[in-house]
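Chains as they are written, first to last, in this note's numbering: chain F, 1 to 203; chain S, 204 to 406. This report concerns only the one structure given below.
2 protein chains.
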Amino acid sequence: MSSQNPTALNILSIARQLIMTRGYQGFSFRDISSQAGIKPASIHYHFPTKGDLGEALLIEATTEFQRQLVSIEQQHERAAQRLVAFVGIFEETFGEADRLCLVCMLAAGQDTVPAEIRARIREFWDIAVRWTEACIDKGMRAGEFYADLDSRVVAQTLLATLEGAMLTGRAYQDKQKLPESAGFILSCLRQQPEGICNSHAFE
Amino acid sequence: MSSQNPTALNILSIARQLIMTRGYQGFSFRDISSQAGIKPASIHYHFPTKGDLGEALLIEATTEFQRQLVSIEQQHERAAQRLVAFVGIFEETFGEADRLCLVCMLAAGQDTVPAEIRARIREFWDIAVRWTEACIDKGMRAGEFYADLDSRVVAQTLLATLEGAMLTGRAYQDKQKLPESAGFILSCLRQQPEGICNSHAFE
DNA sequence: GACAGTCTACCTACCAGAAGGTAGGCTGCT
DNA sequence: AGCAGCCTACCTTCTGGTAGGTAGACTGTC
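Listed below in structure tokens is the structure:
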């Protein structure tokens, strides 16, 4: 499982795109091979099983995600700014192609996916929700938001909305739904919920 | 495509459960046959292709959904009550087993699904969003909600949150996430967003 | 510098099983 | 007799995965 290898990285990249558009059950080693210029059997050299491939993908995604969260904390101080940047991660993923969040797609086909992958899905969301929750707590303490929000519920709601907005947005090929919906949620955290219906407008 | 037939109805029911838990790509005619006590080939008698089965399922779901919306309008007068009942439809679907919204699952595997099904997915969501939007408009006129909400955005956000809450809720096997998140969204529609973090508590 | 041995990164050939789907035959009810 | 509703048998294509082989690069020893 030499993830450093350029071919392995290429396989991971192609597999990620495929899962994001077609789901775990919707792609095959043949699909990868045709794009990677490699025979289907050769993929097993880098990733013994399909489950190993999926797991490697989730590990990669989680690591990258955590790196992005640290980067946000370094770039922005105020909680509101951090949340907007957080939403931006999902916007970026969604914006490039008609791709859904990798974790979202794997979660949809939960019952068809190896148990190790299921654990990694929860791990990813745990990180996302805990970070968001802490961010909201910080905003509440700083007086940026309403002081008596249930940060846990708000955090899980924001994440659910992001995932759901990608799902519905893709069906309509509408890239605006995600920032609009995320913007509405964020606008509810402080006094003026009206008018601000785009996450970009939420400072 | 004799949907009146008891066997056909049984096939539809089993297929619905399977898609809700495993997705469109994740179930086969063999899976259905083992549960229906019928041979795989016999399913083709009722539904010539897998696409036909999926389409019939969506037509059924959409019809049933519209029936439920009418029922809500008959039972509840106030917009807030209607929205709570609307959320209840999704709660009911989710609560029985670890089942996601049928349309949500089909939407996730969009690229692996026939074009006719894709059109039906949008149709379902169009109905859901338009109904919710009209309901919010009504609530705004009646003074139940903030008067200057963007009802289109709020409607699409509520739907996105419901779909996303099912997705994340299932991964954690937590049935509370959906009412909690829906409750938060609904609570944002009027003056007291604090404290009310369960859709049941939102009158 | 030559040789043997080993490792990497692929290949071809193959497997068993599952996929959706078709053709034609049987059975029982009207 | 005719038809609905199912069956068996079979098709092709694809599935993830395995076995064994090979070209070429690298490594250590003499």
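Built from N, CA and C at the ideal position, the CB exists for glycine as well.
query: Using the Cα positions of methionine 343 of chain S and lysine 175 of chain F, report the straight-line distance between them to the nearest angstrom.; result: 27 Å
query: Who are the neighbours of leucine 362 of chain S on chain F, taking C-beta pairs under 8 Å?; result: Gly164, Thr168
query: Give me the residue from F:Gly164, F:Asp137, F:Ala142 with the minimum Cα distance to methionine 105 of chain F.; result: F:Gly164
query: Rounded to whole angstroms, what is the Cα-Cα separation between lysine 177 of chain F and serine 354 of chain S?; result: 13 Å
query: Going by DSSP in three states, leucine 189 of chain F sits in which element: helix, strand or coil?; result: coil
query: Beta carbons nearer than 8 Å to chain S: which residues of the segment 119-149 of chain F have them?; result: Ile121, Arg122, Trp125, Tyr146, Asp148, Leu149
query: Could one say the Cβ of threonine 315 of chain S lies closer than 8 Å to chain F's Cβ atoms, at least one of them?; result: yes
query: Rounding to the nearest angstrom, what Cα-Cα distance links alanine 80 of chain F and glutamate 144 of chain F in this structure?; result: 7 Å
query: Can you tell me which of the three DSSP states arginine 82 of chain F falls into?; result: helix
query: Interface residues of chain S around alanine 171 of chain F at Cβ under 8 Å?; result: Ala310, Gln313, Arg321, Ile324, Arg325, Trp328
query: Which same chain residues, not among the five before or five after proline 243 of chain S, have their C-beta less than 7 Å away from its C-beta?; result: Phe232, Arg233, Ser236
query: Mind the definition here: the segment 214-233 of chain S touches the segment 178-191 of chain F only if three or more C-beta pairs lie below 8 Å; say whether that holds.; result: no
query: Sorted by chain position, which residues of the same chain lie with C-beta nearer than 7 Å to alanine 318 of chain S's C-beta, five sequence neighbours on each side aside?; result: none
query: Determine, using beta carbons only, whether valine 273 of chain S comes closer than 8 Å to chain F.; result: no
query: What's the C-alpha gap between glycine 95 of chain F and isoleucine 38 of chain F?; result: 29 Å
query: Output, in sequence order along the chain, the residues in the segment 219-232 of chain S whose CB is closer than 7 Å to any CB in chain F.; result: Thr224, Arg225, Gly226, Gln228, Gly229
query: DSSP on glycine 398 of chain S, reduced to helix/strand/coil?; result: Note that glycine 398 of chain S scores a pLDDT of 38, beneath 50, so its modelled location is shaky; the value from the coordinates is reported in the next line. Three-state result, glycine 398 of chain S: coil.
query: Within 8 Å (strictly less), CB to CB, does valine 356 of chain S reach chain F?; result: yes
query: Taking only runs that begin and end inside the segment 30-67 of chain F, name each unbroken alpha helix (DSSP H) of 4 or more residues, in chain order.; result: 40-46
query: With H, G and I counted as helix, E and B as strand and the rest as coil, what does DSSP make of glutamine 313 of chain S?; result: helix
query: Starting from serine 151 of chain F, trace the alpha helix (DSSP H) both ways and give me its first and last residue.; result: 151-172
query: Of all the residues that make up the segment 383-394 of chain S, which are near chain F by a beta-carbon distance shorter than 9 Å?; result: Glu383, Ser384, Ala385, Gly386, Phe387, Ile388, Ser390, Cys391, Leu392
query: Within 10 Å of its beta-carbon, does glutamine 376 of chain S have 16 or more other beta-carbons around it, so buried, or fewer, so exposed?; result: exposed
query: Might you give, ordered along the chain, the residues of its own chain that have their beta carbon closer than 6 Å to the beta carbon of glycine 473 of chain S, omitting 5 neighbours on each side?; result: Outside the displayed range of chain S (204 to 406) lies residue 473 of chain S, so it cannot be described from this structure.
query: Rank S:Ala310, S:Leu260, S:Ile222, S:Ala264 by C-alpha distance to the C-alpha of alanine 211 of chain S and give the top, closest one.; result: S:Leu260
query: What is the DSSP secondary structure of cysteine 304 of chain S, counted as helix, strand or coil?; result: coil
query: From aspartate 351 of chain S to tryptophan 125 of chain F, what does the alpha carbon distance come to, in whole angstroms?; result: 33 Å
query: Quick one: what does DSSP say lysine 175 of chain F is sitting in, helix, strand or coil?; result: coil
query: Could you pull out every residue in the same chain whose Cβ sits closer than 7 Å to the Cβ of glutamate 397 of chain S, ignoring the five residues on either side in sequence?; result: For glutamate 397 of chain S, the pLDDT reaches just 41, beneath the cut-off of 50, and the residue's location in the model is therefore unreliable, leaving the point undetermined.
query: With a 10 Å radius around its C-beta and 16 neighbouring C-beta atoms as the bar for buried, classify alanine 61 of chain F as buried or exposed.; result: buried
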